[in-house]
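Numbering (mature numbering (1 follows the signal peptide of the UniProt record, and there is no 0)), first residue to last: -24 to -1, 1 to 526.
Everything below concerns the one structure shown next.
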């Protein structure tokens, strides 16, 4: 038996050397055979009965890797697929015996060669990821009796490695809550690529798998809160909550709202994920936890921290319903819009967005069933005078005239014959946003102009700082900040050099709302005479001019 074990180990060492050339980009031939083309199609894994989907983060597959294992589950090679819509092609080594393939979306295996010969039961559970992309990692595992040249691998149903959360507060007349927003708290900072049961060595869907070394990740400020309208979502990694005591430490939502009166002080409510029998849900990947808050019975805690440290309010102060649904999209189809929040500040007469409805079990959209309606919140002027579906999912908005007040409308997209399936797009018509402050070094702007004196010479610093207003919604991100200058270069990382209208500019793209909504960009002069007028432009904001003198 010992000699057989040694022989087996030597065989896997030999396989490792043979397969290294097949890994990564396969720039060299593999001694075990020439790669063959395989193909297939990918879909996200959806089940029955739910509402709500956010297309980009939830469904986008920007990269697909095929991790190929032998019949005993030992890693052989990694292939990077070529994607075209929902179909893919890849090149892997053909085989007359069983191959197990893990399909990994939106993740890049850094050094495949170090894994060759190692077990899938070791490899998959050991890889954890943070929520650090605009997409969600997804996974599937399929065993094939063999791999033939030009084989169609079939339809690959991908399982997302995160859960989805929403909170919908009923109108104030019923809920007694005004200006309601919420955020996800006490969620783990990372998760595994795939579910794994260490007791059986298998990869069953529904098995909660937590990586080692997890810690809580919470919003850094209340600027991260989102509107509690059921159409703005948070995402978190799965977590076993079966043995957590009542109180602190549970994964929860924090609701911020004004109770009973629209001008009341904000208070905070902690919302636990419990069923009708007050049994706490585990947080499971690819599940949608949809909470509907119907009525508040009293104000919440005076501070966010008190709410977080205290008992859950849906056991005391609130009437709430939690639904845990095993999918992200609607069982009767998927309805998506490419914007959920739109702001028009240029006096535009019209605007557009795209809506798509894909019936359950189909791959192609059906635009004929889309419906459009417009509503305006009580006490506000309408931003949209009419909305029309022009065909192929294009929704055209006729906008109200811009004035010195903010106008709002909610454009609701529905599906004929499916009254529960709706998407709401908030539309604002308003003047351009003003910075809370805009500074060049220590000088503050007035009427969008600021003058600062910088000593003549190279290498002298210009600090541009600005604070965004609280009313700027994070749903407008990404936003581009542009600095047009010929005499300065950036010291702040992440700025991109460009040319626009024959002028040099440096661009910075905001993809997340900065802490305290404050921006800082450091520049240094690259000319002895650095005096110039610098234009600073940002989407939705008034342009600023910095007059540099020496």
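Yeah, the Cβ is synthetic: ideal placement off N, Cα and C, and Gly gets one too.
Residue pairing by DSSP places residue 348 opposite 389 in a beta bridge. Put simply, the stretch 388 to 395 does not touch the stretch 433 to 450. Fewer than three CB pairs are less than 8 Å apart. Leaving aside the five residues that flank residue 74 on each side, the residues in its chain whose CB is nearer than 8 Å to its CB run, in chain order, 46, 47, 119, 120, 121 and 122. Residues 320, 359, 375, 376, 378 and 383 of the same chain have their beta carbon placed closer than 7 Å to that of residue 405, with the five preceding and five following residues left out of the count. Residue 462 and residue 322 have their C-alpha atoms roughly 28 Å apart.
Short of 7 Å from the beta carbon of residue 286, and not among the five residues preceding or following it, lie these beta carbons of its own chain, in chain order: 246 and 277. Excluding residues up to 5 positions away in sequence, -13, 93, 94 and 95 lie with their Cβ nearer than 7 Å to the Cβ of residue 50 in the same chain.
One Cα belongs to residue 270, the other to residue 149, and the distance between them is close to 10 Å.
Rounded to the nearest whole angstrom, the C-alpha separation of residue 498 and residue 476 is 21 Å. Between the alpha carbons of residue 165 and residue 328 lies a gap of roughly 37 Å. Going by beta carbons, residue 465 and residue 505 fall outside the 7 Å limit. Under the three-state reduction of DSSP output, residue 343 falls in the helix class.
Nearest to residue 357 by C-alpha distance, out of 473, 367, 403 and 332, is 403. Inside the stretch 155 to 193, DSSP marks whole beta strand (DSSP E) runs of 3 or more residues at positions 166 to 168, from first to last along the chain. The alpha-carbon separation between residue 366 and residue 420 amounts to approximately 47 Å.
Between residue 213 and the set 364, 362, 228 and 340, the nearest pair of CA atoms involves 228. Contact holds between the stretch 444 to 459 and the stretch 472 to 489, because three or more Cβ pairs, one in each stretch, are under 8 Å apart. Under the 10 Å beta carbon count, residue 243 is surrounded by 16 or more other beta carbons and is classified as buried.
For residue 99, the enclosing alpha helix (DSSP H) covers residues 96 to 102. Taking the Cα of residue 240 as reference, the smallest distance to any Cα among 483, 155 and 296 is reached at 155. Classified as buried, residue 512 has 16 or more neighbouring CB atoms from the shown chains inside 10 Å of its CB. Per the C-alpha coordinates, the member of 225, 64 and 81 positioned closest to residue 115 is 81. The Cβ-Cβ distance between residue 169 and residue 137 falls below 7 Å. No residue range can be given for residue 197, since it is assigned to no beta strand (DSSP E) and is classified by DSSP as neither H nor E. In this structure, DSSP gives residue 216 a state outside helix and strand, which the three-state scheme calls coil.
In the three-state scheme derived from DSSP, where H, G and I count as helix and E and B as strand, residue 116 is classed as strand. Secondary-structure assignment with DSSP links residue 335 through a beta bridge to 309.
Here DSSP, grouped into helix, strand and coil, assigns residue 282 to helix.
Ranked by Cα distance from residue 507, the first of 157, 492, 429 and 439 is 429.
The beta carbons of residue 68 and residue 37 sit about 18 Å from each other, so the pair does not count as a contact at 8 Å.
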